[in-house]
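Colleague: Pasting in a structure now, in C-alpha cells, and then I'll have a few things to ask.
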Amino acid sequence: MIQARGLTKTYGSSRGVSDVTFSVGKGEIVGFLGPNGAGKTTTMRLLTGYLYPNDGDAVIEDISILERPKDARKLIGYLPENNPLYEDLTVGEYLDFRARVKGLRGREIKKRIEDVAERCSIADVRKKLIGSCSKGYRQRIGIADALINDPPLLILDEPTQGLDPAQIHHTRELIKSLIAEHTIILSTHILSEMEAICTRALLIHKGRLQFDGTLDSMRAELACQGRVKVTLLCDAEKGAGLLSKIASVEKFEAEPAPPRGAAFSLTPKDSGDIREEIFWKCFDERVPILEMGLEKQSLEEAFLMLTREQALEENS
Amino acid sequence: MNGVLAIIRKELSHYFFAPMAYIVMGSFLLMNGFVFYVILAAVSRAGSAGASPMAIMFGGTFFFWLITIIMIPVITMKLGAEERKQGTIETLLTAPLSDLEIVLGKFSAAFVFYFLCWLLTFVYVLVLRAYGEIDWGPVFSGYLGTLLLGMFFISIGMFTTMISKNQIVAAIFALAILTMLMGSTLFTFIMSGTGREIFAYADLLGVMENFARGVIDTRNLVYLLSGTCLFVALSVKALEAKRWQ
Ligand SMILES: Nc1ncnc2c1ncn2[C@@H]1O[C@H](COP(=O)(O)OP(=O)(O)OP(=O)(O)O)[C@@H](O)[C@H]1O
Ligand SMILES: [Mg+2]
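For the record, the sequence lines run as chains A and B.
Each number in the working numbering corresponds to the 1-based position in the first sequence with 496 added.
Each number in the working numbering corresponds to the 1-based position in the second sequence with 517 added.
In C-alpha cells:
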C-alpha cells in the first residue's frame with residue numbers, strides 16, 4: 497500500500513529523520529510510537545508530500561509522492577498534528593470545500609458529506625461555525641475531512657491528542673470502525689492506545705526507525721533491554737571493580753546484601769541485552785554468578801527509559 | 518480547475534465573513550465617490566468640453582494611487598499568511614492540488630474582490646450619462662487598465678503573503694514594493710540613455726494615462742501582464758520552497 501524508502505529530512509542543521517524505511521500492506525493498522533521530537537510528524541509529513549525529503553521517496557500504490565504528487569495525495573486522507581481548521585467557516589462549508597479540493601463533483605459532494613458526517617457523528621453541527629465547536633467535535637471534523645473522498649490510506653497524527661477520556665474512547669471507536677475499509681497509519685505516544693488499536697508498531701527514536709514489528713515482538717525485544725540484576729559470589733568491592741570494567745554497562749548500583757555474595761543492579765548503556773557480556777567477564781575473572789536476571793519491566797517502563805534518554809540528550 | 522474554483526469560493530467566503538471586506542469596500546466607494554464629485558465639480562466649472570471626468574478618475578489623481586496601493590495589500594495580506602499562522606497550510610498543501618492551482622485560486626479570489634469594488638463605480642458612469650453624451654472608448658479602456666494594474670499589484674501582494682507568516686508584515690512588505698515601484702518613476706528625471714528608457718517604460722502613471730485616454734498600447738499590456746506572471750511564478754516558487762525548506 498505504502499512504502500517509505502530511505503526517507504531523510506534535515507531541518508537546516510537540526511535533525512529531522514534519517515533513512516526511514518518501511519512498508520505497510522493493505523488493511524494493516526500501524527502505529528508510530530516515539531517520544532516528543534522523535535520524528536513521527538516529520539515522517540508523516542514526508543509521506544503526505546507536505547514536505548519533500550532531502551533523500552528517499554515515498555510510494556503509495558506504486559505512485560511516487562515526488563514524481564506524481566497530485567495523484568499520490570488523492571489516495572491519502574491526512575489528519576495533521578493539532579488538526580488545523582478554518583475557524584470562520586461552518587462545518588458544512590468546510591467539508592464542501594475539502595470535497596471540491598479533493599476532486600469530488602456535483603451530487604457526489606452532498607452524498608459524501610452526509611456519509612462522513614453520519615460516520616463521524618458531526619451531522620448535528622453542520623451549520624455551526626468551526627470556531628465554536630468543542631475539541632472533540634473538531635477532531636471528528638478533521639477525521640471527516642480525511643475520509644471525504646474515501647481514500648484507501650489514512651494517516652492520522654496523534655488523533656486523540658488533547659481529548660477528554662470520553663472523547664478519546666469515542667475517537668478510538670471511530671478509528672476502529674474504519675479498519676475494515678482503510679489502511680491506517682497513526683501516531684501516538686500513548687502505549688495503551690497502540691495496544692488498543694494497532695496490530696503493528698513502528699518505534700521511532702532520535703529520527704531513526706528503531707523497531708518494526710508486532711506489538712508482542714516489540715514487547716519481547718524491549719523486555720530484553722532492561723536493567724539486569726546479578727548476585728556475584730565475592731565481596732562488594734571486588735564486584736564493583738569487575739562491573740565497572742564492562743563496556744556496555746552504563747552504571748550500576750549496589751543492592752541490599754543477600755545472604756551470600758553481593759548484589760547489583762545494572763543499567764545497559766545502549767539498548768541491548770548485556771547478560772552475555774556479564775557472564776563472560778565473570779568467567780574470565782573467576783567470579784561465580786549466583787543469580788542473574790532481567791528486572792521485570794513493562795512496555796511502559798521500557799518506553800519511558802527511551803523517552804528519558806531523549807530528554808537528556810535534548811537538554812545537553 | 519475544480520480545485521481553483523473551490524479555493525476562490527472559500528476565499529470569497531472568508532472575505533465576506535470578516536468586517537475587513539466591508540470596511541475596504543466602504544472606504545473605497547466613499548473615497549472614489551468624493552474624488553468623482555470633486556472632479557465633476559471642477560470640470561463643470563471650468564466648462565472645458567475636452568476633459569472627460571472618467572479619464573481623470575483612472576489614475577489621474579493622487580487619490581487613485583493612494584487608494585490602490587493601500588487597498589491591494591489589505592486584500593491580499595491574509596491569503597497566505599493566515600493559512601500559515603493557523604496551520605491550515607498543511608491541509609491545503611496535502612490536498613491533491615498543484616502549487617500553481619493554489620496560487621491561482623487565491624489570486625483570482627483577490628482579483629474578484631477588487632473587480633467587484635470597481636464594478637460598483639460603474640454607477641458613476643451611469644450618473645454621468647444622465648448629464649450628457651459619454652465617450653465609451655476611454656471609459657472601457659480606463660476600466661481595462663485599472664483591472665490590469667490591479668492584477669499586477671495583486672500578484673505582488675500574493676508573493677509577499679506567501680513568504681510571510683504574519684499578515685501585517687505581508688501587507689507592509691507589499692506596500693513597500695508598490696511604493697518603490699511608483700517611486701522608481703523619479704529615476705527618469707536623473708537618468709539618461711537606456712536606464713531612463715527602462716524607467717520610462719515602467720512608469721505606471723504614464724501607463725494609466727494612456728489607458729484613461731483610450732489608448733491601448735501593446736507595450737503597456739505586455740508590461741502589466743508579464744509583471745503579473747512574474748510575481749505569480751515567484752509565489753508558486755515560494756510555496757514550493759516551503760516544502761523543501
Ligand atoms: N519546522 C521545523 N524546523 C526545524 N526543526 C524541526 C521542525 N519540525 C520538526 N523539527 C525537529 O525535528 C525533530 C522531529 O520532530 P517531529 O515533530 O517530527 O517529532 P514528533 O515525533 O512528531 O514529536 P511529538 O511527539 O512532539 O509530536 C525534532 O527534533 C524537532 O525539533
Ligand atoms: Mg508530532
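Just so you know, even glycine gets a beta-carbon here, dropped at the ideal spot from N, CA and C.
Say the cut is 7 Å; is the CB of glycine 658 of chain A nearer than that to a heavy atom of ligand 1?
Modeller: Checking every heavy atom of ligand 1 against the Cβ of glycine 658 of chain A, none is found closer than 7 Å.
Colleague: Could you check if alanine 647 of chain B is buried or exposed, using at least 16 other CB atoms within 10 Å of its CB as the buried criterion?
Modeller: That one is exposed.
Colleague: Could you tell me whether the Cβ of glutamate 733 of chain A comes closer than 8 Å to any Cβ of chain B?
Modeller: Closer than 8 Å: no.
Colleague: Kindly examine ligand 1 and report whether one of its heavy atoms sits closer than 7 Å to the Cβ of glutamate 577 of chain A.
Modeller: The answer is yes for glutamate 577 of chain A.
Colleague: Expressed to the nearest angstrom, what Euclidean distance is found between the alpha-carbon atoms of lysine 623 of chain B and leucine 633 of chain B?
Modeller: Cα to Cα, lysine 623 of chain B sits roughly 16 Å from leucine 633 of chain B.
Colleague: Ligand 2 and threonine 537 of chain A: does any heavy atom of the ligand fall closer than 7 Å to the residue's C-beta?
Modeller: Result yes, Cβ under 7 Å from ligand 2.
Colleague: Between serine 510 of chain A and ligand 1, is the CB less than 7 Å from at least one heavy atom?
Modeller: Yes, since a heavy atom of ligand 1 falls inside the 7 Å radius drawn around the Cβ of serine 510 of chain A.
Colleague: Whose Cβ in chain B lies nearer than 8 Å to the Cβ of tyrosine 546 of chain A?
Modeller: Simply Glu607, Leu610, Thr611, Arg760.
Colleague: Using a Cβ cut-off of 8 Å, which residues of the stretch 572-606 of chain A contact any Cβ in chain B, in chain order?
Modeller: Under the 8 Å Cβ criterion, the stretch 572-606 of chain A contributes Ile572, Tyr574, Pro576, Asn578, Pro580, Leu581, Tyr582, Glu583, Asp584, Leu585, Glu589, Phe593, Arg594, Arg596, Val597, Lys598, Gly599, Arg601.
Colleague: Return yes when at least one heavy atom of ligand 1 lies under 7 Å from the C-beta of asparagine 550 of chain A, else no.
Modeller: Incorrect: asparagine 550 of chain A has no Cβ contact closer than 7 Å to ligand 1.
Colleague: Give the residues of chain B in contact with lysine 570 of chain A, contact being defined as C-beta atoms less than 7 Å apart.
Modeller: By Cβ distance, chain B contributes Pro613.
Colleague: Less than 6 Å between C-beta atoms, sequence neighbours within five positions excluded: which residues of the same chain meet that for glycine 744 of chain B?
Modeller: These residues qualify, in order along the chain: Phe669.
Colleague: Under 9 Å Cβ-Cβ, which residues of chain A neighbour asparagine 519 of chain B?
Modeller: Ordered by position in chain A, the residues that pass the 9 Å Cβ test against asparagine 519 of chain B are Arg596, Val597, Gly599, Leu600, Arg601.
Colleague: Mind reading off the beta-carbon distance from aspartate 720 of chain B to asparagine 727 of chain B? Whole number of angstroms is fine, and I expect it under 8 Å.
Modeller: Wrong, their Cβ atoms sit about 10 Å apart, outside the cutoff.
Colleague: Output needed in chain order: residues of the stretch 519-536 of chain B with a Cβ under 9 Å from some Cβ in chain A.
Modeller: Within the stretch 519-536 of chain B, the residues whose Cβ lies closer than 9 Å to some Cβ of chain A are Asn519, Gly520, Leu522, Ala523, Ile524, Arg526, Lys527, Ser530, His531, Phe534, Ala535, listed in chain order.
Colleague: Starting from the C-beta of methionine 788 of chain A, find all residues in its chain whose C-beta is less than 8 Å away, skip the five residues before and the five after it, and write them out in chain order.
Modeller: So the qualifying residues of the chain are Val724, Lys725, Val726, Thr727, Arg771, Ile774, Phe775.
Colleague: Tell me whether lysine 697 of chain A, by its Cβ, gets closer than 7 Å to a heavy atom of ligand 1.
Modeller: The sequence shown places alanine at residue 697 of chain A, rather than the lysine named in the question. No; taking the cut-off as 7 Å, the Cβ of alanine 697 of chain A has no heavy atom of ligand 1 nearer than that.
Colleague: Answer with buried or exposed for asparagine 549 of chain B, where buried requires no fewer than 16 other C-beta atoms within 10 angstroms of its C-beta.
Modeller: Buried, since its Cβ has 16 or more Cβ neighbours within 10 Å.
Colleague: Quick check: the Cα distance between leucine 610 of chain B and aspartate 616 of chain B, rounded to an integer number of angstroms?
Modeller: Distance between the alpha carbons of leucine 610 of chain B and aspartate 616 of chain B is about 8 Å.
Colleague: What are the boundary residues of the alpha helix (DSSP H) that leucine 674 of chain A is part of?
Modeller: Segment 661-674, the alpha helix (DSSP H) holding leucine 674 of chain A.
Colleague: At a Cβ threshold of 8 Å, is aspartate 553 of chain A touching chain B?
Modeller: No, aspartate 553 of chain A does not count as interfacial toward chain B.
Colleague: CA-CA distance, leucine 738 of chain A and arginine 601 of chain B?
Modeller: Each residue's alpha carbon lies about 58 Å from the other.
Colleague: May I ask you to report which of helix, strand or coil DSSP gives phenylalanine 575 of chain B?
Modeller: Coil.
Colleague: Considering only residues of the same chain and omitting the five flanking positions on each side of isoleucine 606 of chain B, which have a CB-CB separation below 6 Å?
Modeller: Result list for isoleucine 606 of chain B: Glu600, in chain order.
Colleague: State yes or no: is the beta carbon of glutamine 603 of chain B nearer than 8 Å to at least one beta carbon in chain A?
Modeller: It does; some Cβ of chain A falls within 8 Å.
Colleague: According to DSSP, is methionine 679 of chain B helix, strand or coil?
Modeller: Helix, per DSSP.
Colleague: Using C-beta distances below 8 Å, list every residue in its chain close to tryptophan 635 of chain B, excluding the 5 sequence neighbours before and after it, in chain order.
Modeller: Tyr660, Thr663, Leu664, Gly667, listed in sequence order.
Colleague: So, does the CB of aspartate 558 of chain A fall closer than 8 Å to a CB anywhere in chain B?
Modeller: Closer than 8 Å: no.
Colleague: Using 8 Å as the threshold, is the stretch 682-700 of chain B in touch with the stretch 751-760 of chain B, meaning 3 or more CB pairs across them?
Modeller: Judged by Cβ distances under 8 Å, the stretch 682-700 of chain B makes no contact with the stretch 751-760 of chain B, as fewer than three pairs qualify.
Colleague: Confirm the yes/no value for this check: CB of alanine 598 of chain B, any heavy atom of ligand 1, distance under 7 Å.
Modeller: Checking every heavy atom of ligand 1 against the Cβ of alanine 598 of chain B, none is found closer than 7 Å.
Colleague: Below 8 Å on C-beta distance, what does lysine 566 of chain A contact in chain B?
Modeller: Those are Pro613, Leu614, Ser615, listed as they occur along chain B.
Colleague: Rounded to whole angstroms, what is the Cα-Cα separation between phenylalanine 516 of chain B and tyrosine 539 of chain B?
Modeller: Beyond the ends of chain B as shown, which are 518 and 762, falls residue 516 of chain B; an answer cannot be given.
Colleague: Under the DSSP definition of a beta bridge, which residues are partnered with phenylalanine 748 of chain A?
Modeller: DSSP output for phenylalanine 748 of chain A lists A/Leu762 as bridge partner(s).
Colleague: Below 8 Å between beta carbons: does that hold for isoleucine 587 of chain B and methionine 574 of chain B?
Modeller: In this structure, methionine 574 of chain B does not lie closer than 8 Å to isoleucine 587 of chain B by Cβ.
Colleague: Helix, strand or coil for histidine 701 of chain A, going by three-state DSSP, please let me know.
Modeller: Three-state result, histidine 701 of chain A: strand.
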